[in-house]
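Asks: My numbering puts the first residue of the sequence shown at 1415, with every later residue one more than the last. I am attaching a structure below and will ask some questions about it afterwards.
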Amino acid sequence: MTNRSRRVAVLGGGITGLSAAFYLLKLAGERGEAVEVTVLEGSDRLGGRVNTLRRDGFVIERGPDSFLGRKLPMIRLAEELGLIGELTGTNPQAKKTYISRDGRLVPMPQGLVMGVPTDGDKFMQTELVSEEGKRRALQEAELSEAAGTELQEGTKSADEPVGTFLERRMGKEMVERVFEPLLAGIHAGDLYKLGLEATFPQFKRMVEEHGSLIAGTRAAQLAAAAAKEGGAARSQETPELPASVFLTFKNGLSTVIEAMEQQIRAAGGEIRLGAKVRELEASASSEGAAYRLHMLDGTVCEADQVVVTLPAYAAAELLEAHTDVNALSAIRYVSVANVVFGYDAAGFGHDLDGSGFLVPRGENRLITASTWTSAKWRHTAPENKRLIRCYVGRAGDERGVELDDEAMIAGVRGDLRDLMGLEATPEFAEITRLRHSMPQYPVGHVGAIADFRAKLARKLPGVYATGAAFAAVGLPDCVAQGKRAAEEALLGS
1415 MTNRSRRVAV
1425 LGGGITGLSA
1435 AFYLLKLAGE
1445 RGEAVEVTVL
1455 EGSDRLGGRV
1465 NTLRRDGFVI
1475 ERGPDSFLGR
1485 KLPMIRLAEE
1495 LGLIGELTGT
1505 NPQAKKTYIS
1515 RDGRLVPMPQ
1525 GLVMGVPTDG
1535 DKFMQTELVS
1545 EEGKRRALQE
1555 AELSEAAGTE
1565 LQEGTKSADE
1575 PVGTFLERRM
1585 GKEMVERVFE
1595 PLLAGIHAGD
1605 LYKLGLEATF
1615 PQFKRMVEEH
1625 GSLIAGTRAA
1635 QLAAAAAKEG
1645 GAARSQETPE
1655 LPASVFLTFK
1665 NGLSTVIEAM
1675 EQQIRAAGGE
1685 IRLGAKVREL
1695 EASASSEGAA
1705 YRLHMLDGTV
1715 CEADQVVVTL
1725 PAYAAAELLE
1735 AHTDVNALSA
1745 IRYVSVANVV
1755 FGYDAAGFGH
1765 DLDGSGFLVP
1775 RGENRLITAS
1785 TWTSAKWRHT
1795 APENKRLIRC
1805 YVGRAGDERG
1815 VELDDEAMIA
1825 GVRGDLRDLM
1835 GLEATPEFAE
1845 ITRLRHSMPQ
1855 YPVGHVGAIA
1865 DFRAKLARKL
1875 PGVYATGAAF
1885 AAVGLPDCVA
1895 QGKRAAEEAL
1905 LGS
């Protein structure tokens, strides 16, 4: 490597892989170091789950539709790509969210933060939970750590399922009626199988630091209010940044994928589509590349370092010949589908007075949630049109994903008719099936992944594994993981 540029192969062209490639080239340039970066994407498109469809004035997301604005890695990436002016926030008038109960849409009570009630008076007025269930939930503020068994023998407790933790703190009814539709929807998962440390570690910290979820959430609210001055300062630095909890790009999330592709190519990086790696071979030679990547088409890509951003099952298949991949094999994936309907405003028959609704598992509906997209995001539809997106499939109930188009459309329209009274006929429907797309972090995931990475570093120095399967699924988290892998690769020279 003393007489040539370092060669780095990035496996996977989703947002993590593209972020890794972008930052490899950017950071190497800042260090005055030459690096050859090749992105190998097995499919015929970049972006992974990020997939924007633009048609007839609509901006339709077939994967995720936004990201948390408080998570700065995406903001910083947008700045570096010159996209800050393209960011947009949610409609401030679409604040209301509903949850289905017994076939009716009931507004979520004010003061509910991630399912935790912070305003006892307003929470007691909700119809989502029974009187007994509400009283049980509010008792959490007086529940000691000893009673909740959060601490054992003076040390922090081991990981546990999210559902078990929340049921112990606030009762089973709250889990079923509020936490499950609100939190499990992020992962399309089962709260009683998802590990707390990997999904909602802030809940555990709140109890350890403040004695209860309610006290911890209230403290977080006060801290957020105190930080507004910092937010104002940030707004002065980037005045174009919208004041919104959730952000996206005016022309869809694929905007950031397209910008990274352009920047990577402009910096000399190579991107290959339809380039699926079937085998990773460690070179026995002391000279030349450390690794040879054998492609399905028979070609070979040589690399000094490899960044693997594949789904857990694909990474496990590639790495199992070299190291223990049990931590990856323990991550199962859930299949989901998105159904998007476009309507004409004339005769639509619903005022879309909020951002949408959630459907608890016990309601036994085909759809798990619905976003009233054109109400929540004003840029997504022409003025005289309406856009609604519905979600199908969750852990333990993925059958709906495999319905044929006609049956899926009929089933989703039936649920909208029952829950919203929506009789309007859509002008078009877009169905996207995302098979094996939602990683489910099991109990003990954080420790298992740390152990896996330590073994990987010993067995295959210069090979880094990262992405949604390893830490958080949010887009800023994936960007952060890609950048971190780039930094580790450059520092590992």
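We put the CB at the ideal spot given by N, CA and C, even for glycine.
For the beta strand (DSSP E) holding His1624, just list the boundary residues, first then last.
Replies: It is not in any beta strand (DSSP E) - His1624 instead sits in the alpha helix (DSSP H) that spans Pro1615 to His1624.
Asks: Can you grab the Cα-Cα spacing for the pair Gly1517 / Met1834, in whole Å?
Replies: Whole-angstrom Cα-Cα distance: 9 Å.
Asks: One question on the structure: do Val1473 and Ile1429 come within less than 7 Å of each other, judged by their Cβ atoms?
Replies: No, Cβ-Cβ distance for Val1473 and Ile1429 is not below 7 Å.
Asks: Pick helix, strand or coil for Glu1812, following the three-state DSSP scheme.
Replies: It is coil, neither helix nor strand.
Asks: According to DSSP, simplified to helix, strand and coil, what is His1859?
Replies: Three-state DSSP puts His1859 in a helix.
Asks: Quick one: is Ser1544 buried, meaning 16 or more other Cβ sit within 10 Å of its Cβ, or exposed?
Replies: So Ser1544 ends up on the exposed side.
Asks: Please report the distance separating the alpha-carbon of Gly1568 from that of Val1527.
Replies: Its pLDDT being 37, under 50, Gly1568 is placed unreliably in this model, and the value from its coordinates should be taken loosely. Approximately 29 Å between the Cα atoms of the pair.
Asks: Enumerate, from N- to C-terminal direction, the unbroken alpha helix (DSSP H) stretches of 4 or more residues contained entirely within the region 1718–1787.
Replies: The qualifying runs are 1726–1733 and 1740–1743.
Asks: Could you tell me whether any Cβ in chain D is nearer than 7 Å to the Cβ of Leu1482?
Replies: Among the chains in the structure shown there is no chain D, since it carries only a single protein chain.
Asks: Please state the DSSP three-state secondary structure of Ser1514.
Replies: Of the three classes helix, strand and coil, the one that applies to Ser1514 here is strand, per DSSP.
Asks: Which residue's Cα is closest to the Cα of Pro1856: Gly1443, Ala1868, Ala1886 and Asp1470?
Replies: For the residues Gly1443, Ala1868, Ala1886 and Asp1470, the minimum Cα distance to Pro1856 belongs to Ala1886.
Asks: Return yes when the Cβ of Gly1461 is within less than 7 Å of the Cβ of Ile1678, no when it is not.
Replies: Taking 7 Å as the Cβ cut-off, Ile1678 and Gly1461 do not qualify as a contacting pair.
Asks: Expressed to the nearest angstrom, what Euclidean distance is found between the alpha-carbon atoms of Ala1551 and Pro1506?
Replies: If I take the Cα positions, the gap works out to 29 Å.
Asks: May I have the straight-line CA-CA distance separating Gly1881 from Ala1612, to the nearest angstrom?
Replies: Cα-Cα distance, rounded: 13 Å.
Asks: What is the DSSP secondary structure of Phe1884, counted as helix, strand or coil?
Replies: If DSSP states are grouped into helix, strand and coil, Phe1884 belongs with coil.
Asks: Which one of Val1621, Met1522 and Glu1546 has the shortest CA to CA distance from Glu1556?
Replies: Among Val1621, Met1522 and Glu1546, the Cα nearest to that of Glu1556 is on Val1621.
Asks: Which of the three DSSP states, helix, strand or coil, is assigned to Val1893?
Replies: Helix at Val1893.
Asks: Return the Cβ separation of Ser1433 and Gly1896 in integer angstroms, given the expectation that the two are a contact with Cβ distance under 8 Å.
Replies: The pair is a contact, with the Cβ atoms about 3 Å apart (cut-off 8 Å).
Asks: Provide the residue(s) that pair with Val1473 in DSSP beta bridges, ordered along the chain.
Replies: The partner list for Val1473 (beta bridge, DSSP) reads Arg1468.
Asks: Quick check on the DSSP output: what are the complete beta strand (DSSP E) runs of length 3 or more inside the region 1476–1512, in order along the chain?
Replies: List check, beta strand (DSSP E) in window: 1501–1503.
Asks: Once the 5 residues before and after Asn1778 are set aside, which same chain residues still bring their CB inside 6 Å of it?
Replies: Cβ within range, chain order: n/a, list empty.
Asks: Among the residues of its own chain, which have a CB less than 7 Å from the CB of Gly1666, if the five just before and after it don't count?
Replies: Closer than 7 Å at Cβ, skipping near neighbours: Thr1466, Arg1468, Val1473 and Glu1475.
Asks: Inspect the CB distances between the region 1439–1454 and the region 1724–1735 and report whether three or more fall short of 8 Å.
Replies: No, the region 1439–1454 is not in contact with the region 1724–1735.
Asks: With 16 as the cutoff for other CB atoms within 10 Å, does Glu1837 come out buried or exposed?
Replies: The residue is exposed, with fewer than 16 neighbouring Cβ atoms inside 10 Å.
Asks: Restricting to runs no shorter than 4 residues, where is the alpha helix (DSSP H) found entirely within the region 1568–1594?
Replies: Taking only runs of at least 4 residues, the alpha helix (DSSP H) segments lying wholly in the region 1568–1594 are 1576–1584.
Asks: Within the same chain, show all residues whose beta-carbon is closer than 7 Å to that of Thr1532, passing over the 5 residues directly before and after it, in chain order.
Replies: Same-chain partners within the cutoff: Gly1525, Ile1628, Thr1631, Arg1632 and Gln1635.
Asks: If we count the other Cβ atoms within 10 Å of its Cβ and call it buried at 16 or more, is Gly1427 buried or exposed?
Replies: It counts as buried.
Asks: Secondary structure at Ala1561, three-state DSSP: helix, strand or coil?
Replies: Below a pLDDT of 50, predicted positions are generally treated as unreliable, and Ala1561, at 45, falls in that range; no measurement from the model is reported.
Asks: Within 10 angstroms of its Cβ, does Gly1768 collect 16 or more other Cβ (buried), or is it exposed?
Replies: The residue in question, Gly1768, is buried, as its Cβ has 16 or more Cβ neighbours within 10 Å.
Asks: Which full runs of the beta strand (DSSP E) of 3+ residues lie inside the region 1658–1707, going along the chain?
Replies: You should have 1660–1663, 1684–1687 and 1691–1696.
Asks: Can you list, in chain order, the residues of its chain with a C-beta nearer than 8 Å to that of Thr1511? Leave out the 5 residues immediately preceding and following it.
Replies: Contacts found: Pro1521, Met1522, Gly1768, Ser1769, Gly1770, Phe1771 and Leu1772.
Asks: For Thr1713, which three-state DSSP category applies?
Replies: Coil at Thr1713, not helix or strand.
Asks: Tell me the rounded alpha-carbon separation between Ile1823 and Tyr1757.
Replies: Their backbone Cα atoms lie some 14 Å apart in a straight line.
Asks: Under the three-state reduction of DSSP, which class applies to Leu1519: helix, strand or coil?
Replies: Looking at Leu1519 - three-state DSSP - the assignment turns out to be strand.
Asks: Quick one: grab the DSSP three-state call for Val1451.
Replies: Three-state result, Val1451: strand.
Asks: I think Glu1716 touches Arg1421, with their Cβ atoms under 8 Å apart; what is that distance to the nearest whole Å?
Replies: That pair is a contact at about 6 Å.
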